[in-house]
Amino acid sequence: MVVRVKHQASARISAWQNRKPERKRCSTVNQSSANSAERGAVRQRSRSFNRSCSRSSLLLLMLAAPIWQLVEIGRGLTSHRCFGRRRVLLLAIASAGISFLAGQGVGMVLARFQQLPKPSHNSFATGDFLNTAIARPQLSPLPVPQETWNCDVVVIGGSLGGVAAASHAMQSGAVTCLIELTPWLGGQISSQGVSALDESQEMRGEDSFSQSWTNFKQLISQQPVKLPSWTGIPDGTKVTDINSCWVGLLCFPPQAGASAAEQLLQTSAAKAPGSQWSKSTAFKGAKFDHTGREITAVYAVRRVPRDPNYLPKGRLSAELPTWYKWESDDEFEKIPLKIQAPAGKRLMVIDATDTNELIGWARVPYRLGSDSLATTGERNASRWDNSDCTQAFTYPFTLAIHDDKGASLKTLETLESVYPKEEHRSDFDLQGFPMFTGRSVFNYRRIVSTVPDNPYTSTPQPGDMTAINWNRGNDWKFMDPPLILNTETLDKSGQRENWMGGLSLEALQHAEFHALLFAHWLLEHHRQELPLAYVSGPDSPMGTLSGLSMTPYIREGRRIAGIRAYGQREFAVREMDLRRDMQGKRDFSQSAIARIHYSIDIHGCRYRQSDKDGEASSASVMEEHVQPTLIPLEALIPQGIDNLLIGGKGIAVTHIANGMTRIHQSEWSIGAAAGATAGWLVTQPQTATLKPIDIVAKRLMPQLREHMNKQGLGFKLPNTQASDNFLKALIGNIEWDW
163 MVVRVKHQAS
173 ARISAWQNRK
183 PERKRCSTVN
193 QSSANSAERG
203 AVRQRSRSFN
213 RSCSRSSLLL
223 LMLAAPIWQL
233 VEIGRGLTSH
243 RCFGRRRVLL
253 LAIASAGISF
263 LAGQGVGMVL
273 ARFQQLPKPS
283 HNSFATGDFL
293 NTAIARPQLS
303 PLPVPQETWN
313 CDVVVIGGSL
323 GGVAAASHAM
333 QSGAVTCLIE
343 LTPWLGGQIS
353 SQGVSALDES
363 QEMRGEDSFS
373 QSWTNFKQLI
383 SQQPVKLPSW
393 TGIPDGTKVT
403 DINSCWVGLL
413 CFPPQAGASA
423 AEQLLQTSAA
433 KAPGSQWSKS
443 TAFKGAKFDH
453 TGREITAVYA
463 VRRVPRDPNY
473 LPKGRLSAEL
483 PTWYKWESDD
493 EFEKIPLKIQ
503 APAGKRLMVI
513 DATDTNELIG
523 WARVPYRLGS
533 DSLATTGERN
543 ASRWDNSDCT
553 QAFTYPFTLA
563 IHDDKGASLK
573 TLETLESVYP
583 KEEHRSDFDL
593 QGFPMFTGRS
603 VFNYRRIVST
613 VPDNPYTSTP
623 QPGDMTAINW
633 NRGNDWKFMD
643 PPLILNTETL
653 DKSGQRENWM
663 GGLSLEALQH
673 AEFHALLFAH
683 WLLEHHRQEL
693 PLAYVSGPDS
703 PMGTLSGLSM
713 TPYIREGRRI
723 AGIRAYGQRE
733 FAVREMDLRR
743 DMQGKRDFSQ
753 SAIARIHYSI
763 DIHGCRYRQS
773 DKDGEASSAS
783 VMEEHVQPTL
793 IPLEALIPQG
803 IDNLLIGGKG
813 IAVTHIANGM
823 TRIHQSEWSI
833 GAAAGATAGW
843 LVTQPQTATL
853 KPIDIVAKRL
863 MPQLREHMNK
873 QGLGFKLPNT
883 QASDNFLKAL
893 IGNIEWDW
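Numbered according to the working numbering, the sequence shown spans residues 163 to 900.
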């Protein structure tokens, strides 16, 4: 309780100082002189009170005085016959308690009328402030849509957060439409190949995950799998029967994640007839009203493979232009798509793409890359801002205990890369872990275990498979060039008129080479211990010809600059909001929509020829130093668009905070909250005209939380009742002996 109160006070002091920076201009000498003069005046006031014995006036003085002044007043009072030490002590305690309660109320009032601070760590967006009419990009060409969908809620991106968002929007009764770039729904758990769930051990131990997340994990565990015949696993075997890894409690083939996501949406759609979703569909842009603040339609293009046995190549650098272009070709038939609100109704949109594609395309204020100490005020922030420096991204792949007679090794040996192979190989290291037995690289994210065993001690058996996602392996951390195109590059690229994904094809290609060369390195160094094969083609659990994941696991993309909240003009969850051992934590319980937790896990950036990367290299800490953190609704609300929420990694957080908020359970919780909020806004008669920003301002959070609780999205709030009881007891037990 005491810690919580101190944190609130610290947050208020910090916010007040940021509003009034001129107060810090006084020199130490001048401040000391002022303090001495003020103490003298206080002593004179205490003598006056001694003469008059005005107890009511005394209490008012004590309520107004800071703690050090109470001491000075007390020295004068205890010498007077009207006031013994006991009475003075009781008065001091009473005044402190009442002052605290009054301060709480005053602080809340001030928070509502605070002045805009000067640009500092409170103001850090990339892009113009959007306050009045806004010029949005115009698509050109814009083909006549072959299909038009009418929906209450549109979810852009079938990522893990996007699936959660669509599911909970439909559970709210909102007719929901979702589009996903790849052939699989699920993002991290499917098309990105990270089908091994990483979770907070603390939240698992206290059994505080939401029922929604727990139910979805159960759904994954019951999915039937279809594996190559050489595994010896019969078709229809369930995930739970082949699950044995040590990164977490649930690891599975990516196809199982995709099928679970599909099944969840089918079940949820029963509550919102007319809902639909489309895979293999690229976001192309949007239409706005005359103010530029309201999205009225979303445009996309769906591709239909001409080959019935089509498999993605697993080389996104070559596929991305084809996936995004409007025109049909020899490989795909293209279908332009328009998604809009039903006549007379309002649309709600959720950007759940991994890079915040709508945000990037529409010029909404956002942050990209690492943030400096001057920008965020974080202790472990980098020395300068660097928009190139997003966290490393990764193409996972699959290795199997399987004797393929050296075929996969021979294929990988023929690989040619742009950068010298030795430059890639110089970064590879298992970091002291064994390859196979016990707490090994293979058992870490083992997605198929043919024999039930203990992943901490066992040796994998023939037919076992693992998903490789290794820091000193297939992580691509180099920014030559950066993966995410920044605002200036987008303006020059022509993608405002014809959106093509906003990614660097060159960076994607380097990462593909790096992953394949790591696979070659592993086979070259470790296939003598056990028969080891790289799995590609129709047998690949990644569902691609190359054996790489369909898209990379992108840890960090564009992060919105949030709306004004919690003492910041542009809100962002910061390092000090997460750390147990830092001051400056803020209490987000007033508008919290999710509770998340994990280590701060920074997969850092680098340049090939320079160490001036601008990375927050000292920010990573294990989860025992990080507290379970509430995410407020304001973190999901971007600036300048009134009917848009964020449903994934791109919420308003700093580069450091993203190291925690990007994990599976975090992304699910954020997406689910976005979907439930959007669904609630469009289905309740009293909220049909409300904007997301109005929910907090109009004090509707209790109603929204009740709606979320009914959908299994409840979470633990801090115990504020204990401190309230303490203050009541403090005042109630004082003997008012006048």
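Even glycine gets a Cβ: it sits at the ideal position worked out from N, Cα and C.
Item                                                                                                                                                             : Value
In whole angstroms, what is the alpha-carbon distance linking Glu-361 and Asp-491?                                                                               : 43 Å
How many angstroms separate the CA atom of Glu-519 from the CA atom of Leu-692?                                                                                  : 43 Å
Can you give me the C-alpha to C-alpha distance between Glu-585 and Thr-573, rounded to a whole angstrom?                                                        : 20 Å
Applying the 10 Å Cβ sphere with the 16-neighbour rule, what's the burial state of Met-870?                                                                      : buried
Which parts of the stretch 547-577 are runs of the alpha helix (DSSP H), unbroken and 4 residues or longer, counting only runs that do not cross its ends?       : 569-575
To which residues of the same chain is Pro-880 closer than 6 Å at the C-beta, ignoring the five residues directly before and after it?                           : Ser-751
If you compare alpha carbons, which of Thr-338, Ala-819, Ser-357 is closest to His-120?                                                                          : Given that the chain is displayed from residue 163 to residue 900, the structure contains no residue 120 and the question cannot be resolved.
Taking Cβ positions, are Arg-468 and Ser-442 nearer each other than 9 Å?                                                                                         : no
What residues in its chain sit with their C-beta under 6 Å from that of Cys-188, if we drop five residues either side in the sequence?                           : Per-residue confidence for Cys-188 stands at a pLDDT of 32, beneath the threshold of 50, marking its modelled position as unreliable; the derived number appears in the next sentence. Counting only Cβ-Cβ distances below 6 Å, and skipping sequence neighbours, we find nothing.
Exposed or buried, what is Gln-657 when buried is set at 16 or more other beta-carbons lying within 10 Å of its beta-carbon?                                     : buried
Alpha carbon to alpha carbon, what distance is there between Ala-536 and Gly-894?                                                                                : Note on Gly-894: pLDDT 39, under 50, position unreliable in the model; no value is reported.
Mind reading off the beta-carbon distance from Gly-594 to Arg-720? Whole number of angstroms is fine, and I expect it under 8 Å.                                 : Contact flag wrong, Cβ pair sits at about 35 Å.
Contact between the stretch 778-787 and the stretch 493-510 is defined here as three or more beta-carbon pairs at a separation below 8 Å; is this criterion met? : no
When you compare only the Cα positions, how much space is there between Arg-608 and Pro-617?                                                                     : 9 Å
List the endpoints of the continuous alpha helix (DSSP H) containing Ala-677.                                                                                    : 667-688
What span of residues does the beta strand (DSSP E) with Phe-445 cover, start to end?                                                                            : 443-450
Around the C-beta of Gly-348, are 16 or more other C-beta atoms found within 10 angstroms, so that it is buried, or is it exposed?                               : buried
What is the DSSP secondary structure of Phe-494, reduced to helix, strand or coil?                                                                               : strand
Should Gln-438 and Ala-431 be called a contact, given that it needs their Cβ atoms to be closer than 9 Å?                                                        : yes
Which residue wins for smallest C-alpha separation from Gly-913, given the options Ile-764, Ile-755, Gly-600, Pro-390?                                           : Since the first residue shown for the chain is 163 and the last is 900, residue 913 is missing from the structure and cannot be characterised.
Give the single residue among Ala-673, Leu-322, Val-511, Ile-341 whose Cα lies nearest to the Cα of Pro-854.                                                     : Val-511
For Thr-338, decide whether its Cβ has a neighbour in chain B, counting only Cβ atoms nearer than 9 Å.                                                           : As a matter of chain content, chain B is missing from the structure shown, which is built from one protein chain.
Have a look at Asn-631 and Asn-660 and give me their C-alpha separation to the nearest angstrom.                                                                 : 33 Å
I believe Ala-778 touches Ile-764 by the beta-carbon criterion, under 8 Å. Please report the beta-carbon distance rounded to the nearest angstrom.               : 6 Å
Would the beta-carbon of Val-735 fall within 9 Å of that of Ala-797?                                                                                             : yes
Starting from Val-844, follow the alpha helix (DSSP H) in both directions and report where the run begins and ends.                                              : 826-845
Based on the DSSP secondary-structure assignment, which residues constitute the bridge partners of Trp-638?                                                      : Phe-555
Could you tell me the distance, in whole angstroms, from the CA atom of Asp-637 to the CA atom of Ala-677?                                                       : 8 Å
Quick one: any contact between the stretch 640-648 and the stretch 391-398, if contact means 3 or more CB pairs under 8 Å?                                       : no
Any contact of the stretch 718-732 with the stretch 478-496, i.e. 3+ C-beta pairs under 8 Å?                                                                     : no
Note down, in chain order, each residue of its chain lying with its Cβ closer than 6 Å to the Cβ of Pro-345, except the 5 sequence neighbours on either side.    : Lys-441, Ser-442
Arg-366 lies in the beta strand (DSSP E); which residues open and close that run?                                                                                : Not the beta strand (DSSP E): Arg-366 falls in the alpha helix (DSSP H), residues 363-367.
Does Thr-628 come out as helix, strand or coil in the three-state DSSP assignment?                                                                               : strand
Using a Cβ-Cβ cutoff of less than 7 Å, which residues in the same chain neighbour Gly-635 once the five nearest sequence positions on both sides are dropped?    : Phe-590, Phe-680
DSSP state of Lys-507, grouped into three classes?                                                                                                               : coil
Since Glu-364 contacts Ile-818 with CB under 8 Å, what's their CB separation in whole angstroms?                                                                 : Between Ile-818 and Glu-364 the Cβ distance is about 19 Å, and since that is not below 8 Å, they are no contact.
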